[in-house]
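For the sequence shown, this note's numbering assigns the number 4 to the initial residue and increments by one for each residue that follows. Virtual Cβ for every residue (Gly too), placed ideally from N, Cα, C.
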Amino acid sequence: MIQEEVFKVKNMKCTGCSETITKTLNNLKGIKSVETNLDSKDVKISMDTSQITKKEIDIALKQKGYPIS
Ligand SMILES: [Cu+2]
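In C-alpha cells form, the structure reads like this:
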C-alpha cells in the first residue's frame, strides 16, 4: 500500500542537509517520493509500506545524522 507520511527531522538546517536526506531516502527500496521542508524541518515521504517501514527509514537517516520522529 502506498502511504504518505510526514516526519520531523532533527538537525536539518540547510539545503545541504535536505539534499543528503533526499538522496539517502531515494536510495531506499519502497520510497516513491521525498519532499523536504526546511522551514518546518520535516520531510514528506510517499512510500510502499509493503517494502519499507518507518523503522528502516529512521535507521538509514540516523546513520547520516538526521533522526526522525
Ligand atoms: Cu546542512
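Does ligand 1 have a heavy atom nearer than 7 Å to the CB of K16? Working through the sequence shown from its first residue, we reach residue 16 at position 13. True, at least one ligand heavy atom lies under 7 Å from that Cβ.
Where S21 and K58 are concerned, what is the direct C-alpha to C-alpha distance, given to the nearest angstrom? Here residue 21 is taken as the residue at index 18 of the sequence shown, counted from 1. Here residue 58 is taken as the residue at index 55 of the sequence shown, counted from 1. Going from the Cα of S21 to the Cα of K58 covers about 20 Å.
Which two residues bound the contiguous beta strand (DSSP E) that contains N29? Taking the sequence shown and counting its residues from 1, the one referred to as residue 29 is at position 26. First-last for N29: T18 to N29, but that is the alpha helix (DSSP H), not the beta strand (DSSP E).
I need the straight-line Cα distance from S36 to L64, nearest angstrom please. One-based indexing of the sequence shown puts residue 36 at position 33. One-based indexing of the sequence shown puts residue 64 at position 61. Cα-Cα distance, rounded: 15 Å.
Helix, strand or coil for D61, going by three-state DSSP, please let me know. Numbered from 1 along the sequence shown, position 58 holds the residue referred to as residue 61. D61 falls in the helix class under three-state DSSP.
Under a three-way DSSP split, which group does Q66 fall into? Indexing the sequence shown from 1 puts residue 66 at position 63. It is helical.
With a CB to CB cut of under 6 Å and the five nearest residues on each side skipped, what residues in its chain are close to T52? Position 49 of the sequence shown holds residue 52. Answer for T52: M4 and Q6, listed in chain order.
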